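Sequences listed follow chains A and B, in order.
Okay, so the first sequence: first residue is 51 according to our numbering, each after it adds one.
Okay, so the second sequence: first residue is 51 according to our numbering, each after it adds one.
There are 2 protein chains.
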Amino acid sequence: MAKNEKMVKDITAMDEDFAKWYTDVVIKAELIDYSSVRGCMVIRPYGYAIWENIQSLMDGMFKATGHENVYMPMFIPESLLQKEKDHVEGFGPEVTWVTHGGSEELEEKLCVRPTSETLFCEHYKNIIHSYRDLPKLYNQWCSVVRWEKTTRPFLRSREFLWQEGHTIHATAEEAEQETVRMLNVYAEFCEKYLAMPVVKGVKTEKERFAGAKDTYTIEALMHDGKALQSGTSHYFGDGFAKAFGIEFTNKENKAETPHQTSWGTTTRLIGAIIMTHGDDNGLVLPPAIAPTQLVIVPIASHKPGVKEKAAEIEARLKEVCRVKTDNSEQSPGWKFAEYEMKGVPLRLEIGPKDIENNQCVVVRRDNREKYFISLDEIETKIPELLKAVHDGLYEKALARREEMTYNATTLEEFCNIADNKPGFIKAMWCEDRACEDKLKEVAGVTSRCMPLVQESLSDKCVCCGKPAKKLVYWGKAY
Amino acid sequence: MAKNEKMVKDITAMDEDFAKWYTDVVIKAELIDYSSVRGCMVIRPYGYAIWENIQSLMDGMFKATGHENVYMPMFIPESLLQKEKDHVEGFGPEVTWVTHGGSEELEEKLCVRPTSETLFCEHYKNIIHSYRDLPKLYNQWCSVVRWEKTTRPFLRSREFLWQEGHTIHATAEEAEQETVRMLNVYAEFCEKYLAMPVVKGVKTEKERFAGAKDTYTIEALMHDGKALQSGTSHYFGDGFAKAFGIEFTNKENKAETPHQTSWGTTTRLIGAIIMTHGDDNGLVLPPAIAPTQLVIVPIASHKPGVKEKAAEIEARLKEVCRVKTDNSEQSPGWKFAEYEMKGVPLRLEIGPKDIENNQCVVVRRDNREKYFISLDEIETKIPELLKAVHDGLYEKALARREEMTYNATTLEEFCNIADNKPGFIKAMWCEDRACEDKLKEVAGVTSRCMPLVQESLSDKCVCCGKPAKKLVYWGKAY
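Shown next, in the form of structure tokens:
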């Protein structure tokens, strides 16, 4: 069994090589397998179950805010993609093209959707005529394709699963409110279900989505101090509507152009979970999205009454959490390591001695704290512990982010931090693109966002010294 | 308002032109919109909500039978598709090819999955080593592409949504049992949730899935007497495993080849619902998958207390069914027609007079029967009525199928029925492909299936007169 235990635990230490640690976790926790198409991954049952939990919770939030799901075609004709100029400039270089259907060459080549703004616009044009048809609050769960050069499981894959919300409104104000509302939904989702704090902000013009007037973002900080853009929400104004000729008649029977938004999150969130909470023993899952929230490991299960008691506990806990029992022939030690690797939030051990004492042992995955719990109280204590795990994860992640967030008021200070201290750098900016480019060049960082909650660290741009207009979070990013 | 009522109801009569009726319903009930890519449709919120209900119920049945969801890449390299000879011969002619990623031509062209056997096999080869790794019971919800020449919404589209189950087992027996088990799951699903009776059977060799040793099917009969293949389950034997070199070591440490199955149902089921239950007023939805099971239409809603009472009823009924209230400014008549078009199973009318009498009026969509129900009893009566609608739909569909199923024992009789009576023809067959081809040629029908429950109508093949081996259901099909 020693060999098996070794096998389960055999992952690179985080401090040694973070990228290798990440890949090891993704494979050993059985989240993915590689396929023969580079950048396209197989999402295995354990990985997909996490995505299903994310989907179900987020979809609930979308429905609660009045959104309806639809399904658009996966193909976009070349001429349709080209209708909005900025959009095609942004996405053109990374789309895949279908040129043949069956044995025939297509009259017009089709790209596999990298995002579906153009398809939604085409549909809106068909169904929107009057102010009574507005707003439309739509969302789609699907896969999209972007032919990236470098790829990493979940973080940057050529095909990925996502949701894309697309809404259209009578007024600019309403569309702007929707953009911010959905950013808040994302932030709440990350904090409430993924135990992951995020910075809410606006992207600079340089980092905006292709075709957007404003891109809002939530930025999280990973264990290694790199930022991960975890969700974006775009305000389009009437640019797409004009390009696609979408109009509606208002109450005064006059033609007007509507205003649009889109917003998306992807399977990248699974990468975010791994790199926010994981440790040298593997994955650590926030309880809300863990496929198994508690695993029961019977100890000395050949002894009379142990299996039966484990089954009884499982039946009782099924009412309050997602539970499973591992009755396999592997040793308890092997099982401990296996479920630590898979990040199961709680482990419950039950053996002959525990039964005698009418108790069980519960161990938290996040901090390995051990609890002796009376069997009379499991239905109340386990949900409490799950909540404690969630809170513990959130607090640890928040504390780390705060520790790894630095202020810089001079360029020297800025570069010094960028070179030596992984994390966010907060610094003032004059809003000049040249300074943004220069900070990238000299410090290797990009602007992550202009936070919604602005502070003033100084009245000068950290780069050029001219009057500062915005506080910006800067950082290296995935 | 007269004009609006007309607009809602303005669909072709079924008897006049069934195909046109179908298209009218699909559009007027707001299930789909066409896109600029022929054969690829936009599934609108109402259509997609039906699919979400189908998904959720069917996924529950899959999970209850031990299946896990996964996600495979959408692209299959040409060389991978070609590994199993029969499979590529069957699918090759209708696949779409991606030849360019970004600005570069791909080294190897990729097809957009028409089905994922080859991808699952590639993955199995990576993860299956020992008998302990078997069985794997996997399922995937995704979209697939088949470049069909003629297309119709839901029934035959170039892109469609589906689930594809893929399982792999240590023994042939276990795989065969799985194939039949999933066929039974499909049949139960259709009857229990779609109120649609199906014939369970086996396809002839000619109609088999490309690469399968046996294809099981459920066949339903549509309103116009044409058959609709509504789900299939394939037994592959070890053909794919051998082609892909998948092996496992058995308990005696010897190498063995595993056995596989796959099974699928698609958004075609929505077409089946439309053509099984629909009528000249539009869609009729089985309660289990109806996005709205009961719509409340307030009558004289400007009168005091009506809106409030409607809201109170809605709040109470939310506990027992999917309910919504239409408080829009349209007339009750317009609303009645609108929700009939959309196939909402029950309509509840509440007006000042009803409130006085402490009652409401409930009208069934399927047969327009009207009930006066005491407001004290709605929580018990509405679920009863929903069940009555389901049962009524099922019985009507079953009676129609029985009426439209004919026996033939001579070729003349067979051709006569095929020419004059739409429906299933039951007739004996010698198992010779030549007879199957001839019946297609002279009577325009295909073999739908050899039913699992066999009977003997005669001891001679209906076509050649040689000894009969199987009872077959024949028919024209979608």
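By construction, the Cβ of each residue, glycine as well, lies at the ideal position given by its N, Cα and C atoms.
All values reported here derive from a predicted model rather than from experimental measurement.
Item checked: Nearest-angstrom Cα separation, counted from A/Met-246 out to A/Gly-442 -> 11 angstroms
Next item on the list: Helix, strand or coil for A/Asn-54, going by three-state DSSP, please let me know.
Entry: Its pLDDT being 43, under 50, A/Asn-54 is placed unreliably in this model, and the value from its coordinates should be taken loosely. In the structure shown, A/Asn-54 sits in a helix (DSSP, three-state: H, G or I).
Item checked: Cα-Cα separation, B/Thr-307 to A/Cys-410 -> 43 angstroms
Next item on the list: Mind checking which residues open and close the beta strand (DSSP E) that includes A/Pro-382?
Entry: First-last for A/Pro-382: 382-391, but that is the alpha helix (DSSP H), not the beta strand (DSSP E).
Check: How far does the beta strand (DSSP E) with B/Phe-125 in it reach, from first residue to last?
Finding: 125-127
Note to self: Excluding the 5 residues flanking B/Trp-147 on each side, which residues of the same chain have their C-beta closer than 6 angstroms to its C-beta?
What the structure shows: Lys-159 and Cys-161
Margin query: Assuming B/Met-325 and B/Met-272 are in contact, meaning their beta carbons sit under 8 angstroms apart, how far apart are those beta carbons, in whole angstroms?
Written below: 4 angstroms
Notebook entry, point to check: Taking Cβ positions only, does B/Asp-60 come closer than 8 angstroms to chain A?
Noted result: no
Check: Between B/Lys-279 and the rest of its own chain, which residues show a CB-CB distance below 7 angstroms, the 5 nearest in sequence each way excluded?
Finding: Per the sequence shown, the amino acid found at residue 279 of chain B is Gln instead of Lys. So the list reads Thr-267, Glu-269 and Ala-527, once near-sequence residues are dropped.
Notebook entry, point to check: Under the DSSP definition of a beta bridge, which residues are partnered with A/Asp-83?
Noted result: A/Val-92
Next item on the list: Please name the residues in the segment 90-102 of chain B whose beta-carbon is closer than 9 angstroms to at least one beta-carbon of chain A, in chain order.
Entry: Cys-90, Met-91, Val-92, Ile-93, Arg-94, Pro-95, Tyr-96, Gly-97, Tyr-98, Ala-99, Trp-101 and Glu-102
Check: Which one of B/Arg-450, B/Lys-353 and B/Asn-417 has the shortest CA to CA distance from B/Glu-406?
Finding: B/Lys-353
Notebook entry, point to check: What are the start and end residues of the alpha helix (DSSP H) that includes A/Asp-74?
Noted result: 68-78
Check: Just checking my contact of B/Ile-339 with B/Leu-244 at CB under 8 angstroms: how many whole Å lie between their CB atoms?
Finding: 7 angstroms
Notebook entry, point to check: Going by DSSP, which residues form a beta bridge with B/Gln-190?
Noted result: B/Glu-214
Check: In the DSSP assignment, what residue or residues form a beta bridge with A/Thr-455?
Finding: A/Phe-474
Note to self: Three Cβ pairs or more, each shorter than 8 angstroms: is that satisfied between the segment 309-323 of chain A and the segment 87-107 of chain A?
What the structure shows: yes
Checklist line | Presumed contact (8 angstroms Cβ cut-off) between B/Glu-399 and B/Ile-349, rounded CB distance | finding: 5 angstroms
Next item on the list: With DSSP as the reference, please indicate the residues paired to B/Leu-271 in a beta bridge.
Entry: B/Ala-277
Next item on the list: Could you check which residue in A/Leu-211, A/Thr-282, A/Thr-254 and A/Glu-257 has the C-alpha nearest to that of A/Glu-228?
Entry: A/Thr-282
Next item on the list: Using beta-carbon positions only, say whether B/Leu-169 and B/Ile-126 come within less than 8 angstroms of one another.
Entry: yes
Next item on the list: Return helix, strand or coil for A/Ser-106, following the three-state DSSP convention.
Entry: helix
Notebook entry, point to check: Residues of chain A with a CB under 7 angstroms from the CB of B/Trp-147: which are they?
Noted result: Val-148, Thr-149 and His-150
Next item on the list: Give me the Cα-Cα distance between A/Glu-118 and B/Leu-211, rounded to the nearest whole angstrom.
Entry: 18 angstroms
Notebook entry, point to check: How long is the line joining the alpha carbons of B/Phe-422 and B/Tyr-389, rounded to whole angstroms?
Noted result: 19 angstroms
Notebook entry, point to check: B/Ile-423 lies in the beta strand (DSSP E); which residues open and close that run?
Noted result: 420-424
Next item on the list: Verify whether the separation of the beta carbon atoms of A/Val-370 and A/Thr-342 is less than 8 angstroms.
Entry: no
Next item on the list: Please state if the CB of B/Lys-510 and the CB of B/Lys-516 are separated by a distance shorter than 8 angstroms.
Entry: yes
Checklist line | Secondary structure of A/Ile-405, DSSP reduced to three states | finding: helix
Next item on the list: Taking only beta-carbon positions, decide if B/Lys-53 is within less than 8 angstroms of chain A.
Entry: Because the pLDDT at B/Lys-53 is just 41, under 50, the model does not fix this residue reliably, and the value given afterwards should be weighed accordingly. With 8 angstroms as the cut-off, B/Lys-53 does not count as an interface residue toward chain A.
Item checked: Partners in chain B for A/Glu-118, counting only beta-carbon separations shorter than 9 angstroms -> Arg-94, Pro-95, Tyr-96, Tyr-98 and Ala-99
Margin query: Just checking: is the beta-carbon of A/Leu-169 within a distance shorter than 8 angstroms of some beta-carbon in chain B?
Written below: yes
Notebook entry, point to check: Which value, in whole angstroms, describes the spacing of the CA atoms of B/Asp-136 and B/Ala-293?
Noted result: 11 angstroms
Notebook entry, point to check: Would DSSP call B/Arg-206 helix, strand or coil?
Noted result: strand
Next item on the list: With 7 angstroms as the C-beta to C-beta threshold (strictly closer), list the residues of the segment 73-86 of chain A near chain B in chain order.
Entry: Asp-83, Ser-85 and Ser-86
Next item on the list: Write down every uninterrupted run of the alpha helix (DSSP H) in the segment 122-201 of chain B whose length is 4 residues or greater and which is fully enclosed by it, in chain order.
Entry: 128-131, 135-141 and 167-177
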